[in-house]
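A short write-up of the structure that comes next.
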Amino acid sequence: MPVLPIVRLGHPALRAVARALSPEQLAGAEMQQLIDDLVDTMREAHGVGLAASQVAAEIQVFVYESAGHDIPLRVVVNPMITPQERELVYDWEGCLSIPDLRGMVPRHPEVRVQGLDRSGQPLDYLCRGFEARIVQHEFDHLNGVVFLDRMRDFKTLGYIDEWQRMGDGEGDESAVG
Ligand SMILES: [Zn+2]
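In this note's numbering, the protein residues as written are 23 to 199.
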């Protein structure tokens with residue numbers, strides 16, 4: 023399966039609003055291949071999530087998975103996200119389209135996810151914590167938003183290798199998608 027190039031900040035696809043897919047488009051061989059390629063690209067890049075926008079496909083699809091957090095592979099098409107609590111929690115994030123940087127990002131601790139799976143069946147589930155963070159990060163990509171836009175304090179922004187060189191654990195457990 024081909025691993026696709028991940029575009030970086032500056033590419034217009036990362037600032038575009040992605041289009042919803044019709045059931046016919048989703049069922050097509052081309053789209054099913056793209057979904058397989060998204061999964062392979064995410065795994066090759068050691069990310070926990072990847073949105074189609076990040077491979078310059080402006081369509082509403084993202085994938086995510088984290089073995090370390092017991093999160094099985096999910097493919098989410100035409101997503102709608104509803105926060106379940108008003109409160110926001112801060113944790114580290116990074117982005118495959120903004121390589122090597124990490125920062126503290128506020129996110130809702132629990133969200134409801136509605137959409138379609140890759141076979142067009144409805145999805146409707148709740149997720150919390152690390153999974154909710156990944157989902158919000160990927161959903162943002164489909165709306166042209168990156169984690170930097172969500173940050174409240176850029177003093178927490180830094181290069182992961184600078185922290186590692188100082189033996190600092192900062193950003194080690196970040197959600198990178
Ligand atoms: Zn990202």
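Note that CB positions come from ideal geometry on N, CA and C, so glycine has one too.
When DSSP builds the beta bridges, which residues end up paired with Arg-129? Walking along the sequence shown from the start, residue 129 turns up at place 107. Under DSSP, Arg-129 takes part in a beta bridge, and its partners are Val-111.
Please go through the segment 139-178 and give each complete alpha helix (DSSP H) segment of 4 or more residues, from N-terminal end onward. 151-164 and 169-172
Beta-carbon separation of Val-61 and Glu-87 under 9 Å? Residue 61 sits at position 39 when you count from the first residue of the sequence shown. Residue 87 sits at position 65 when you count from the first residue of the sequence shown. Yes.
For Asp-58, name the three-state secondary structure that DSSP assigns. Taking the first residue of the sequence shown as 1, we reach residue 58 at position 36. Assigned with DSSP and collapsed to three states, Asp-58 falls in helix.
Going along the chain, which residues of its own chain have a beta-carbon closer than 7 Å to the beta-carbon of Cys-117, five neighbours each way excluded? Translated into positions along the sequence shown, residue 117 becomes position 95. Same-chain partners within the cutoff: Val-168, Phe-169, Val-198 and Gly-199.
Touching or not, the segment 138-156 and the segment 85-99, by the rule of three or more beta carbon pairs under 8 Å? The segment 138-156 is in contact with the segment 85-99.
Short of 6 Å in beta carbon distance, which residues of its chain neighbour Thr-104, apart from the five on each side in sequence? Order them along the chain. Taking the first residue of the sequence shown as position 1, residue 104 is located at position 82. Closer than 6 Å at the Cβ level, and outside the excluded window around Thr-104, lie Arg-134.
Note down, in chain order, each residue of its chain lying with its Cβ closer than 7 Å to the Cβ of Leu-145, except the 5 sequence neighbours on either side. The residue you call residue 145 lines up with position 123 of the sequence shown. Val-98, Val-135, Gln-136, Gly-137, Leu-138 and Asp-139.
What did DSSP end up calling Gln-186 once you bin it into helix, strand or coil? Along the sequence shown, one-based indexing puts residue 186 at 164. In the structure shown, Gln-186 sits in a helix (DSSP, three-state: H, G or I).
Classify Ala-42 as helix, strand or coil using the three-state DSSP reduction. Counted from its first residue, the sequence shown places residue 42 at position 20. Of the three classes helix, strand and coil, the one that applies to Ala-42 here is coil, per DSSP.
Which term fits Asn-204, buried or exposed, when burial requires 16 or more other beta carbons within 10 angstroms of its beta carbon? No statement about residue 204 is possible, as the shown extent of the chain runs from 23 to 199 and does not include it.
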